[in-house]
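> Attaching a single structure in structure tokens format; questions to follow.
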Amino acid sequence: MTPALSPSRAADFKQCPLLFRFRTIDKLEGPPSPAAARGTLVHAVLEHLFELPAAQRTPTAAAALLEPRWRALVEDRPELATMVEEDDALTEETWLAGARGLVEQWFGLEDPTRLEPEARELYVETEIEGLTLRGYVDRLDVAPDGAMRVVDYKTGRSPGEAFEAKALFQMKFYALVLWRLRGEVPRMLQLVYLGNGEVVRYVPDERDLLAVERNVRAIWDAVVRAARSGDWRPRTSKLCGWCDFQQFCPEFGGTPPPLPDGAGLIALDPARSGAASPDDE
404 MTPALSPSRA ADFKQCPLLF RFRTIDKLEG PPSPAAARGT LVHAVLEHLF ELPAAQRTPT
464 AAAALLEPRW RALVEDRPEL ATMVEEDDAL TEETWLAGAR GLVEQWFGLE DPTRLEPEAR
524 ELYVETEIEG LTLRGYVDRL DVAPDGAMRV VDYKTGRSPG EAFEAKALFQ MKFYALVLWR
584 LRGEVPRMLQ LVYLGNGEVV RYVPDERDLL AVERNVRAIW DAVVRAARSG DWRPRTSKLC
644 GWCDFQQFCP EFGGTPPPLP DGAGLIALDP ARSGAASPDD E
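In our numbering, each residue's number is its place in the sequence shown (first place is 1) plus 403.
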């Protein structure tokens, strides 16, 4: 069974080995958050908008997709509806209005009538020296000359340096996988921040991606060492303030749950360490 790593699990370990343990071994999940659920909804709308002919990809058409996409999400994950109902600051109307504002912001940043993506929510996977790398790309644009642009939508505001590094790591991870799959380095990596209408562009090169490859291999080697030793010690940073698992973290006075039997094997299970879904990525 070939080991596997997704960008979200790799980023977890880079941020904090204990966070990787919580998500990969203990399968802990934070409570559904309005921001994350709104992001899922907006991603779904932008994905399905491209099913329309180019001339019909208007703000009005996108707004019309919000309610049916929300219904589809709630059918799959009823806890999202409960989250809105139990939040005193939200109604379904204001909830959808917030998502509509983010979609409208996007139209000021990109013109979908001039775009014909090769793929949306594209699953990519390749193997590098016995390690499978996998994940989902929000959108892949390919120019007539074959140049690739990797696009990722972020429904929050453009971040500070710590968060930007994490977002760029994810994009470089995708670029590495696409390079190995297609033999060409993507021409552009593009992060579209809908929260404040900023677009961050990065031009990778082979040196960049070789460094990412070495970094990913080093992350995996560290995961293997932690799995064998059972040492999942926390690593504190500014990102701790946004962690959903402080109640279990020794750095915040918490106690992790007991490690289950076979924890090391669980950590290295490709279905866990390589877990990738459009929502996660």
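For each residue, glycine too, the CB sits at the ideal point set by N, CA and C.
Of the choices D544, D608, E519 and V445, whose alpha-carbon is the least far from that of Q459?
Numbered from 1 along the sequence shown, position 56 holds the residue referred to as residue 459. Closest option to Q459, Cα to Cα, is E519.
> What does G445 pair with, by DSSP beta-bridge criteria?
The residue you call residue 445 lines up with position 42 of the sequence shown. Before going further, note that residue 445 is Val rather than Gly in the sequence given. None, per the DSSP bridge assignment.
> Give me the Cα-Cα distance between A541 and L452, rounded to the nearest whole angstrom.
Within the sequence shown, numbered from 1, the residue matching residue 541 stands at position 138. Within the sequence shown, numbered from 1, the residue matching residue 452 stands at position 49. In the sequence as displayed, the identity of residue 541 is Asp instead of Ala. The straight-line gap from Cα to Cα measures roughly 13 Å.
> Do S436 and A679 have their C-beta atoms closer together than 8 Å?
Within the sequence shown, numbered from 1, the residue matching residue 436 stands at position 33. Within the sequence shown, numbered from 1, the residue matching residue 679 stands at position 276. No, these two residues do not count as a Cβ contact at 8 Å.
> By alpha-carbon positions, which one of L536, L525 and I531 ends up nearest to A414?
One-based indexing of the sequence shown puts residue 414 at position 11. It is L536.
> Alpha carbon to alpha carbon, how far is R523 from L431?
Position 120 of the sequence shown holds residue 523. Position 28 of the sequence shown holds residue 431. Using only the alpha carbons, I get a separation of about 29 Å.
> Expressed to the nearest angstrom, what Euclidean distance is found between the alpha-carbon atoms of S640 and P462?
As a first step, residue 640 must be located in the sequence shown, where it is residue number 237. As a first step, residue 462 must be located in the sequence shown, where it is residue number 59. The alpha-carbon atoms of S640 and P462 are separated by roughly 40 Å.
> Taking M486 as part of the beta strand (DSSP E), name the residues at either end of that continuous run.
To locate residue 486, count along the sequence shown from 1; it is residue 83. Run containing M486: none in the beta strand (DSSP E); it sits in the alpha helix (DSSP H), E482 to E489.
> Since L476 and L483 are thought to touch, with beta carbons under 8 Å apart, how far apart are those beta carbons, to the nearest angstrom?
Taking the first residue of the sequence shown as 1, we reach residue 476 at position 73. Taking the first residue of the sequence shown as 1, we reach residue 483 at position 80. Right, the Cβ-Cβ distance comes to about 6 Å (below 8 Å), so this counts as a contact.
> DSSP puts K557 in a beta bridge; with which residues?
Here the question's residue 557 lines up with position 154 in the sequence shown. Beta-bridge pairing links K557 to Y596.
> Between which two residues does the beta strand (DSSP E) harbouring E530 extend?
Residue 530 sits at position 127 when you count from the first residue of the sequence shown. A522 to I531 is the extent of the beta strand (DSSP E) around E530.
> Locate the alpha helix (DSSP H) running through V506, then write down its first and last residues.
Here residue 506 corresponds to residue number 103 of the sequence shown, with the count starting at 1. Unbroken alpha helix (DSSP H) run through V506: E495 to F510.
> Please confirm whether any heavy atom of the ligand PLP lies closer than 7 Å to the CB of R412.
The ligand content of the structure shown is nil, which means the ligand PLP is not present either.
> Given that a residue counts as buried once 16 or more other Cβ atoms are within 10 Å of its Cβ, and exposed if not, what is M574?
Position 171 of the sequence shown, counted from the start, is the residue given in the question as residue 574. The residue is buried, with at least 16 neighbouring Cβ atoms inside 10 Å.
> For V448, which residues in the same chain have their Cβ closer than 8 Å to its Cβ, ignoring the five residues on either side in sequence?
Taking the first residue of the sequence shown as position 1, residue 448 is located at position 45. If we look at V448 and ignore the five residues flanking it on each side, its Cβ neighbours are A465, L468, L469, R472, A502 and V506.
> Here's the rule: buried if 16 or more other CB atoms are within 10 angstroms of the residue's CB, otherwise exposed. What is Y526?
Sequence index remark: in the sequence shown, residue 526 carries index 123 (1-based). By the 10 Å Cβ count, Y526 comes out exposed.
> I'd like to check one pair, G677 with A407: are the Cβ atoms closer than 8 Å?
On the sequence shown, residue 407 is found 4 positions in, with the first residue counted as 1. On the sequence shown, residue 677 is found 274 positions in, with the first residue counted as 1. Closer than 8 Å, so yes.
> Should L597 and A578 be called a contact, given that it needs their Cβ atoms to be closer than 8 Å?
Locating residue 597 in the sequence shown gives position 194, where the first residue counts as 1. Locating residue 578 in the sequence shown gives position 175, where the first residue counts as 1. No; because the gap between Cβ atoms is not below 8 Å, this pair is not in contact.
> Which of helix, strand or coil does DSSP assign to V619?
As a position in the sequence shown, residue 619 is number 216, starting the count at 1. Reduced to three states, the DSSP call for V619 is helix.
> At which residues does the alpha helix (DSSP H) containing A477 begin and terminate?
As a working mapping, residue 477 is identified with position 74 in the sequence shown. Per the sequence shown, the amino acid found at residue 477 is Val instead of Ala. First-last of the alpha helix (DSSP H) with V477: P462 to D479.
> Jot down the residue ranges of each uninterrupted beta strand (DSSP E) in the stretch 604 to 658, minimum 3 residues, whole runs only, in chain order.
The stretch 604 to 658 contains no whole beta strand (DSSP E) run of 3 or more residues.
> Cβ of L421 within 8 Å of Cβ of C652?
To locate residue 421, count along the sequence shown from 1; it is residue 18. To locate residue 652, count along the sequence shown from 1; it is residue 249. Cβ distance < 8 Å, so L421 and C652 count as in contact.
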